[in-house]
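Protein chains: 2
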Amino acid sequence: MARIVVKFGGTSVGDPKRIENAAEKIYQEIKRGHEVVVVVSAMAGVTNQLVDYCHQITPDHTAEEYDMVVASGEQVTSGLMAIALHKRGIEARSFAGWQVPLICSDQHGRARIDDIPPENLEQALSSKIVPVVAGFQGVSRSNRISTLGRGGSDTTAVALAAALNADRCDIYTDVDGVYTTDPRMVPDAQKLDLVSYEEMLEMAALGAKVLHPRSVELAMAYNVSLQVLSSFAPQVGSQLPGTLIVSEDKIMEKQIVNGVAFTRNEAKISILGIPDSPGTAAAIFDPLCAADINVDVIVQNISANGSTADMTFTVPKLDAQKTVEILEKLPFAQQSQIRIDTKIAKISIIGIGMSSHSGVARTMFRTLADHRINIQAITTSEIKISVLIDEQFTEAAVKALHQAFELGKTDMRATGS
Amino acid sequence: MARIVVKFGGTSVGDPKRIENAAEKIYQEIKRGHEVVVVVSAMAGVTNQLVDYCHQITPDHTAEEYDMVVASGEQVTSGLMAIALHKRGIEARSFAGWQVPLICSDQHGRARIDDIPPENLEQALSSKIVPVVAGFQGVSRSNRISTLGRGGSDTTAVALAAALNADRCDIYTDVDGVYTTDPRMVPDAQKLDLVSYEEMLEMAALGAKVLHPRSVELAMAYNVSLQVLSSFAPQVGSQLPGTLIVSEDKIMEKQIVNGVAFTRNEAKISILGIPDSPGTAAAIFDPLCAADINVDVIVQNISANGSTADMTFTVPKLDAQKTVEILEKLPFAQQSQIRIDTKIAKISIIGIGMSSHSGVARTMFRTLADHRINIQAITTSEIKISVLIDEQFTEAAVKALHQAFELGKTDMRATGS
Numbered sequence: 001m002a003r004i005v006v007k008f009g010g011t012s013v014g015d016p017k018r019i020e021n022a023a024e025k026i027y028q029e030i031k032r033g034h035e036v037v038v039v040v041s042a043m044a045g046v047t048n049q050l051v052d053y054c055h056q057i058t059p060d061h062t063a064e065e066y067d068m069v070v071a072s073g074e075q076v077t078s079g080l081m082a083i084a085l086h087k088r089g090i091e092a093r094s095f096a097g098w099q100v101p102l103i104c105s106d107q108h109g110r111a112r113i114d115d116i117p118p119e120n121l122e123q124a125l126s127s128k129i130v131p132v133v134a135g136f137q138g139v140s141r142s143n144r145i146s147t148l149g150r151g152g153s154d155t156t157a158v159a160l161a162a163a164l165n166a167d168r169c170d171i172y173t174d175v176d177g178v179y180t181t182d183p184r185m186v187p188d189a190q191k192l193d194l195v196s197y198e199e200m201l202e203m204a205a206l207g208a209k210v211l212h213p214r215s216v217e218l219a220m221a222y223n224v225s226l227q228v229l230s231s232f233a234p235q236v237g238s239q240l241p242g243t244l245i246v247s248e249d250k251i252m253e254k255q256i257v258n259g260v261a262f263t264r265n266e267a268k269i270s271i272l273g274i275p276d277s278p279g280t281a282a283a284i285f286d287p288l289c290a291a292d293i294n295v296d297v298i299v300q301n302i303s304a305n306g307s308t309a310d311m312t313f314t315v316p317k318l319d320a321q322k323t324v325e326i327l328e329k330l331p332f333a334q335q336s337q338i339r340i341d342t343k344i345a346k347i348s349i350i351g352i353g354m355s356s357h358s359g360v361a362r363t364m365f366r367t368l369a370d371h372r373i374n375i376q377a378i379t380t381s382e383i384k385i386s387v388l389i390d391e392q393f394t395e396a397a398v399k400a401l402h403q404a405f406e407l408g409k410t411d412m413r414a415t416g417s
Numbered sequence: 418m419a420r421i422v423v424k425f426g427g428t429s430v431g432d433p434k435r436i437e438n439a440a441e442k443i444y445q446e447i448k449r450g451h452e453v454v455v456v457v458s459a460m461a462g463v464t465n466q467l468v469d470y471c472h473q474i475t476p477d478h479t480a481e482e483y484d485m486v487v488a489s490g491e492q493v494t495s496g497l498m499a500i501a502l503h504k505r506g507i508e509a510r511s512f513a514g515w516q517v518p519l520i521c522s523d524q525h526g527r528a529r530i531d532d533i534p535p536e537n538l539e540q541a542l543s544s545k546i547v548p549v550v551a552g553f554q555g556v557s558r559s560n561r562i563s564t565l566g567r568g569g570s571d572t573t574a575v576a577l578a579a580a581l582n583a584d585r586c587d588i589y590t591d592v593d594g595v596y597t598t599d600p601r602m603v604p605d606a607q608k609l610d611l612v613s614y615e616e617m618l619e620m621a622a623l624g625a626k627v628l629h630p631r632s633v634e635l636a637m638a639y640n641v642s643l644q645v646l647s648s649f650a651p652q653v654g655s656q657l658p659g660t661l662i663v664s665e666d667k668i669m670e671k672q673i674v675n676g677v678a679f680t681r682n683e684a685k686i687s688i689l690g691i692p693d694s695p696g697t698a699a700a701i702f703d704p705l706c707a708a709d710i711n712v713d714v715i716v717q718n719i720s721a722n723g724s725t726a727d728m729t730f731t732v733p734k735l736d737a738q739k740t741v742e743i744l745e746k747l748p749f750a751q752q753s754q755i756r757i758d759t760k761i762a763k764i765s766i767i768g769i770g771m772s773s774h775s776g777v778a779r780t781m782f783r784t785l786a787d788h789r790i791n792i793q794a795i796t797t798s799e800i801k802i803s804v805l806i807d808e809q810f811t812e813a814a815v816k817a818l819h820q821a822f823e824l825g826k827t828d829m830r831a832t833g834s
């Protein structure tokens with residue numbers, strides 16, 4: 001018998017019929033003898049509707065009240081799911097965040113989970129009652145409803161799996177796993193059976209929309225085995241139908257390159273001719289951080305004249321204008337030149353086997369060169385290499401790299417290069 | 418400065434615009450120097466949608482989970498109303514039932530309010546924060562969400578007014594007060610400025626859909642002055658724009674007849690030839706009560722042959738079939754005859770001055786006779802007389818009685834007869 005936290009996303013509980021379909025999956029797990037804790041998102045579309053109500057009254061709404069409003073969506077599905085389980089003869093009860101309690105910080109709208117006293121849920125489990133927890137929400141120490149921000153239900157599920165020492169956390173969604181790249185772009189993309197937290201984190205952060213990065217980080221911190229699987233595909237036998245995300249040391253045969261990720265949601269900002277002296281980087285990034293702008297791909301070079309430096313980085317496209325405004329207020333803004341390019345894509349290859357294999361970068365750069373795609377910036381980490389390219393070559397680059405690293409269904413898997 | 422609880426019904430908070438309109442009314446009260454506590458219903462239609470979701474999964478859903486689902490509607494409007502108040506520069510915060518806390522019995526779906534510790538709300542008020550309480554809901558002693566049943570937001574408002582020693586409880590709805598009869602049937606119907614709890618209770622129970630009888634009972638028990646008024650009509654000066662519902666002793670000049678109420682939602686059940694012996698009535702009504710069937714207008718006569726009795730009473734039409742099934746199981750069912758008539762209407766005249774005036778019944782019966790309307794059964798109380806008639810004469814009877822007691826705008830008020 002295993003203890004499993006199962007989480008169903010918005011499309012998986014999008015209407016009463018789908019809730020019943022999800023309840024059927026839970027019923028199957030229980031029949032197999034497992035102990036199950038359920039986490040649910042709001043019905044697809046409901047959260048957006050509630051956010052829109054707040055905005056209609058004023059875009060400048062208070063975060064506490066926004067949380068009060070939007071947290072109601074998960075409350076509804078938790079009750080409906082409990083009803084659907086009762087219908088199948090399963091003892092179940094819903095838990096709102098405050099009933100668990102899932103104790104949060106009071107950063108409303110993007111609260112941090114501080115503590116999950118497990119007593120109430122353990123008591124339910126020991127009475128053979130399936131807890132159905134409303135995702136995305138908790139209660140602050142001042143007894144107000146807090147939400148964890150978008151994607152927060154994944155985080156709820158992983159946090160509960162950690163607090164309850166669950167054997168696994170299954171995330172049911174509308175895709176059947178993690179792919180070597182986006183199958184809508186590369187039909188040949190292959191579902192991965194196994195990826196490491198680190199790889200998943202890179203893929204999630206880089207635009208594979210399967211799991212919220214925060215939930216992967218939390219899973220890594222508490223060593224929770226995560227599984228991504230489709231709530232619509234039928235399970236075949238006892239085989240794990242989705243993608244299992246585990247710690248690196250549980251993966252024997254490490255793939256050198258496991259996936260090609262891409263995003264077109266970033267803008268490239270360059271600031272040329274800045275002082276080549278200590279404190280310059282801090283002067284640039286401190287105010288951006290204070291403005292809550294997520295900076296990625298930072299590259300700094302000495303400029304041609306040798307006495308100044310050039311800095312290039314990316315920010316979310318939505319924040320590009322704000323970024324430029326902040327940079328223009330820098331003390332050295334007058335002497336430097338700010339450039340903005342929103343027509344870029346970031347392409348990354350990811351794989352935990354990469355660090356122990358040379359030649360991966362060479363294959364990547366060679367492949368792009370063969371396709372006449374210019375590289376505008378490069379960053380690397382232990383398990384990934386990212387490049388910025390012209391947005392119009394996104395598909396060409398992804399397809400070429402996917403093939404070069406033999407990630408397709410019809411390719412042999414790469415064994416080094 | 419007065420302390421006022423103001424409650425807005427579902428149509429008054431039906432969309433963000435209407436919520437803003439309601440917030441404007443609250444703002445006006447605060448500008449007048451009053452201390453305000455707000456209670457809100459769910460947006461019109463939302464509760465029905467949520468109930469429907471539960472039913473779609475199974476009509477046999479658990480009451481605890483039903484409560485979890487439906488209570489979310491008021492949670493949403495409480496948050497949105499707080500946002501709308503903030504927009505007007507008013508400090509406000511939402512309170513779900515469990516945050517007040519409004520402590521309820523665990524009869525889910527129709528919970529009784531047990532206690533409202535006032536500390537949290539008093540603390541808000543003393544900090545000049547307007548509490549916006551989600552109506553219709555509370556929390557049971559086992560920390561689960563309970564709802565008070567339909568019409569429960571009125572009850573929430575009155576209970577809060579009692580717990581907080583408010584000077585008045587204003588119920589904003591889509592009508593502008595209590596009328597002498599339904600203005601859709603009798604265009605000449607007049608708005609009443611003042612009615613007693615007892616009269617309102619009779620009117621509410623008899624089909625005037627303005628206030629839930631339970632909230633009126635509670636107001637009477639705690640001597641809370643209730644005001645019904647429209648959230649859509651503009652207030653003119655400082656005049657009370659709606660109908661004030663107060664205790665009888667606050668009404669100096671008591672109207673003999675204050676209104677004509679009617680309902681077509683009942684069925685008449687007759688059981689003829691029952692034993693004329695002690696215990697017969699109990700034998701009939703005990704099982705109906707156990708089945709939660711609301712019995713009204715009970716009339717018993719000795720039958721023609723002298724040794725048996727006949728019993729006539731009304732039940733809600735929806736329960737008529739179930740009632741007959743229960744009666745057929747009575748020990749004396751074989752010797753008696755059960756008749757059911759769903760085509761009846763109950764017409765009532767109501768007035769606290771009635772008890773000290775003779776001739777009211779005579780005027781009623783004479784008026785109906787003049788219009789050739791046959792009376793099938795009669796019941797009376799201190800402040801009302803009800804008759805059962807053929808459903809098809811409802812409008813004729815109501816119009817005739819309204820005129821006979823000079824209740825119309827163009828009539829002189831009755832001064833006795």
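Heads up: the protein sequence lines correspond to chains C and B, in order. Quick note on our numbering: the first sequence kicks off at 1 and runs consecutively. Quick note on our numbering: the second sequence kicks off at 418 and runs consecutively. Backbone N, C-alpha and C fix where the C-beta goes; we use that ideal spot for every residue, glycine too.
Counterpart residues of Lys191/C in DSSP-defined beta bridges: Tyr179/C, per the DSSP bridge assignment.
Through-space distance from Phe512/B to Ile617/B, alpha-carbon basis: Just to set this straight, residue 617/B is Met in the shown sequence, not Ile. Straight across, the Cα-Cα distance linking Met617/B with Phe512/B is about 30 Å.
Within chain B, partners of Cys104/C - CB distance below 8 Å: Residues of chain B passing the Cβ test: none, with the nearest at roughly 15 Å.
Exposure label - Asp469/B; buried when at least 16 CB within 10 Å: A residue is called buried when at least 16 other Cβ atoms come within 10 angstroms of its Cβ; Asp469/B does not meet this threshold and is exposed.
Collapsed DSSP secondary structure at Leu218/C in the structure displayed: Leu218/C: helix per DSSP, three-state reduction.
Status (buried if at least 16 other CB within 10 Å, exposed otherwise) for Val398/C: With 16 or more Cβ atoms within 10 Å of its Cβ, Val398/C is classed as buried.
Residues near Gly496/B by beta carbon distance below 7 Å, same chain, minus five either side: Same-chain partners within the cutoff: Ser511.
Validate contact between the stretch 272 to 285 of chain C and the stretch 331 to 342 of chain C using beta carbons, cut 8 Å, 3 pairs: Judged by pairs of C-beta atoms under 8 Å, the stretch 272 to 285 of chain C touches the stretch 331 to 342 of chain C, as three or more such pairs exist.
Whole-number beta carbon distance between Phe262/C and Ala345/C, since they are thought to touch under 8 Å: Separation of the CB atoms of Ala345/C and Phe262/C is rounded to 6 Å, and the pair is thereby assigned contact status at 8 Å.
Any chain C beta carbon closer than 9 Å to Lys504/B: Cβ-Cβ to chain C under 9 Å: yes for Lys504/B.
Contact list for the stretch 57 to 69 of chain C against chain B, Cβ threshold 9 Å: Listed in sequence order: Ile57, Thr58, Asp60, His61, Thr62, Glu64, Glu65, Tyr66, Asp67, Met68 and Val69.
Runs of alpha helix (DSSP H) wholly within the stretch 340 to 372 of chain C (minimum 4 residues, chain order): Listed in chain order, the complete alpha helix (DSSP H) runs (minimum 4 residues) inside the stretch 340 to 372 of chain C are 360 to 370.
Buried versus exposed call for Leu318/C [16 or more other C-beta atoms within 10 Å across all chains shown]: Leu318/C should be labelled exposed.
Chain C contact residues for Tyr444/B, given Cβ-Cβ distances below 9 Å: The premise fails here: Tyr444/B is roughly 14 Å from chain C at the closest Cβ pair, so nothing lies under 9 Å.
Beta strand (DSSP E) segment containing Glu452/B, residue limits: Segment Glu452 to Val457, the beta strand (DSSP E) holding Glu452/B.
Residue nearest to Phe553/B in terms of C-alpha spacing, selected from Thr564/B, Asp787/B, Lys545/B and Ala440/B: Phe553/B has its Cα closest to that of Thr564/B, out of Thr564/B, Asp787/B, Lys545/B and Ala440/B.
Positions along the stretch 21 to 48 of chain C whose CB lies within less than 8 Å of some CB in chain B: Within the stretch 21 to 48 of chain C, no residue places its CB atom closer than 8 Å to a CB of chain B.
Close-in-space but distant-in-sequence residues of the same chain around Arg844/B (CB under 7 Å, 5 per side omitted): Examination of residue 844/B is not possible in this model, given that chain B is present from 418 through 834 alone.
Contact set between Cys54/C and chain B, taken where Cβ atoms lie within less than 9 Å: Within 9 Å Cβ-Cβ: Pro433, Gly496, Leu497 and Ile500.
Proximal residues of chain B, C-beta to C-beta of Gln99/C below 8 Å: The contacting residues are Asn560 and Arg561.
Per-residue DSSP class, three states only, for Gln335/C: Looking at Gln335/C - three-state DSSP - the assignment turns out to be coil, as it is neither helix nor strand.
Selection from Lys826/B, His819/B, His451/B and Ser724/B that minimises the alpha carbon distance to Gly768/B: Nearest of Lys826/B, His819/B, His451/B and Ser724/B to Gly768/B, Cα basis: His819/B.
Val76/C at chain B interface by Cβ criterion, 9 Å: With 9 Å as the cut-off, Val76/C counts as an interface residue toward chain B.
Per-residue burial, Ala831/B [other beta carbons within 10 Å of its own, 16 or more giving buried]: Residue confidence for Ala831/B is low, a pLDDT of 39 falling below 50, so the modelled location carries little weight; the figure read from the coordinates is stated next. Looking at its Cβ environment, which holds 16 or more other Cβ atoms inside 10 Å, Ala831/B is buried.
Which of helix, strand or coil DSSP assigns to Ile800/B: Coil.
Short CB-CB distance (under 9 Å) between Leu50/C and chain B: It does: the Cβ of Leu50/C has a partner Cβ on chain B nearer than 9 Å.
Residue range of the alpha helix (DSSP H) that includes Gly79/C: Where Gly79/C is concerned, the enclosing alpha helix (DSSP H) starts and stops at Ser72 to Lys87.
Neighbour-count burial assignment, Asp170/C, 16 or more Cβ in a 10 Å radius: So Asp170/C ends up on the buried side.
Reference Asn265/C, options Leu244/C, Ile145/C, Asp390/C and Asn374/C, closest by Cα: For Asn265/C, the closest C-alpha among the options Leu244/C, Ile145/C, Asp390/C and Asn374/C is that of Asp390/C.
Whole-angstrom distance between Thr77/C and Val175/C, CA atom to CA atom: The straight-line gap from Cα to Cα measures roughly 20 Å.
Beta carbon proximity, Ile436/B to chain C, threshold 9 Å: Yes, Ile436/B lies at the interface with chain C (some Cβ there is under 9 Å from its Cβ).
Segment limits, beta strand (DSSP E) that includes Arg93/C: Start and end: Ala92 to Phe95.
Touch test, the stretch 423 to 435 of chain B against the stretch 278 to 289 of chain C, Cβ-Cβ under 8 Å, three pairs minimum: No: the two stretches stay apart, fewer than three of their Cβ pairs being nearer than 8 Å.
Ser511/B: contacting residues in chain C (beta-carbon distance under 7 Å): Chain C residues near Ser511/B: Glu65 and Met68.
For Val360/C and Thr379/C, the rounded distance between their alpha carbons: Taking the straight line joining both Cα atoms gives about 14 Å.
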